[in-house]
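J.:
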Amino acid sequence: MHLRVFESEQDAAVACAARVREAVTSHPSLVLGLPTGRTPLNVYRELVALHERKAVDWSRARTFNLDELLGVSAEDGGSFRAYMDRHFFRKVNLSEERIHFLDGAVPDAETECARYEAELAAEGGLGLVLLGIGANGHLAFNEPAEQLQARCHRTRLSRETREANAMLFGDDPSRVPLEALTLGMGALIQSRRAMLLAFGEGKAEAVKAMVEGPVTPRCPASFLQLHRDVEVWLDRASASALSARTQ
Ligand code: GLP
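According to my numbering, the sequence shown is numbered sequentially starting from 188.
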């Protein structure tokens with residue numbers, strides 16, 4: 188794991204966006220895996236700013252979002268799809284047919300997961316995936332458990348994950364769906380390159396477990412220790428629990 192520790196979240200976001208720009212410029216049809224949550228907001232803002240300065244062209248890129256809440260349609264303001272439209276998709280020149288998303292409103296979740304998995308395989312898997320990390324160590328919606336799943340699946344959200352996503356539902360955790368659809372660990376670990384972002388003190392213990400702990404389903408992000416090319420982008424606060432040796 189290559190650690191990159193920045194003075195501030197904003198410094199990290201600027202550098203991270205520059206790295207994504209380089210990747211898309213050198214490989215215009217790159218398949219990107221994209222997260223939602225608070226963490227990537229500044230990165231999306233920087234990417235939009237780069238696009239406005241004509242410093243990056245998204246016309247051939249392809250995107251797959253990591254997850255979606257179950258029972259929520261794309262048109263619902265609380266959906267991850269709506270978040271992506273607001274913060275990124277509507278602000279850059281990505282065409283609709285190149286945007287791939289799990290549909291949280293389907294009647295049959297299993298069929299939807301199989302469709303998404305097949306679609307990702309047909310595009311050759313993730314070239315570059317941006318990731319956040321849950322305070323409990325989750326990746327996408329692969330929650331800590333006794334066993335993890337490799338493939339796209341339906342999953343139950345933990346109480347703390349629903350609390351962390353309450354911002355999309357008027358800060359009311361009880362309105363956050365109980366379940367979600369998510370890419371599995373396989374798609375994330377098999378990505379050609381991964382960039383994990385974590386900011387703030389609230390992520391410090393999860394970052395420590397991910398980087399220094401054992402590889403365990405109790406901390407899904409720890410499986411990134413097995414990834415061939417992963418960079419961990421931190422600010423001082425999220426790096427604060429790491430031992431001096433790691434830093
Ligand atoms: C969410 C998402 C993850 C995200 C994580 C952290 O529930 N499913 O993909 O990385 O939790 O969220 P935040 O960035 O808001 O802390």
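Built from N, CA and C at the ideal position, the CB exists for glycine as well.
Do M397 and L384 have their beta-carbon atoms positioned less than 8 Å apart in this structure?
T.: no
J.: Given a threshold of 16 other Cβ atoms within 10 Å of its Cβ, counted over all protein chains shown, does P331 qualify as buried or as exposed?
T.: Flag for P331 reads buried.
J.: Distance, Cα to Cα, G389 vs N323?
T.: 10 Å
J.: Rounding to the nearest angstrom, what Cα-Cα distance links G258 and A431 in this structure?
T.: 45 Å
J.: Any idea what DSSP makes of H238, helix, strand or coil?
T.: helix
J.: Once the 5 residues before and after L335 are set aside, which same chain residues still bring their CB inside 8 Å of it?
T.: The residues are N329, G371, M372, P404, P407, F410.
J.: Find out if the Cβ-Cβ distance for the pair L289, E255 is shorter than 8 Å.
T.: Annotated as proximal: L289 and E255, with beta-carbon spacing under 8 Å.
J.: Excluding five sequence neighbours on each side, which residues of the same chain lie with their C-beta closer than 8 Å to the C-beta of T348?
T.: G321, N323, H325, F328, E330
J.: Relative to the C-alpha of T342, which residue among L365, N352, D358 is closest?
T.: L365
J.: Could you have a look at F193 and say whether DSSP puts it in helix, strand or coil?
T.: strand
J.: Give me the Cα-Cα distance between E399 and A393, rounded to the nearest whole angstrom.
T.: 10 Å
J.: From E350 to D263, what does the alpha carbon distance come to, in whole angstroms?
T.: 19 Å
J.: Given V417, which residues of its chain have a CB within under 8 Å of its CB, disregarding the five upstream and five downstream residues?
T.: M188, H189, R380, A381, M382, L383, L411
J.: Going along the chain, which residues of its own chain have a beta-carbon closer than 7 Å to the beta-carbon of S345, five neighbours each way excluded?
T.: N323, E330
J.: Answer yes or no: the CB of A381 versus the heavy atoms of the ligand GLP, is any distance below 7 Å?
T.: no
J.: Mind checking who A385 pairs with in its DSSP beta bridge?
T.: L421
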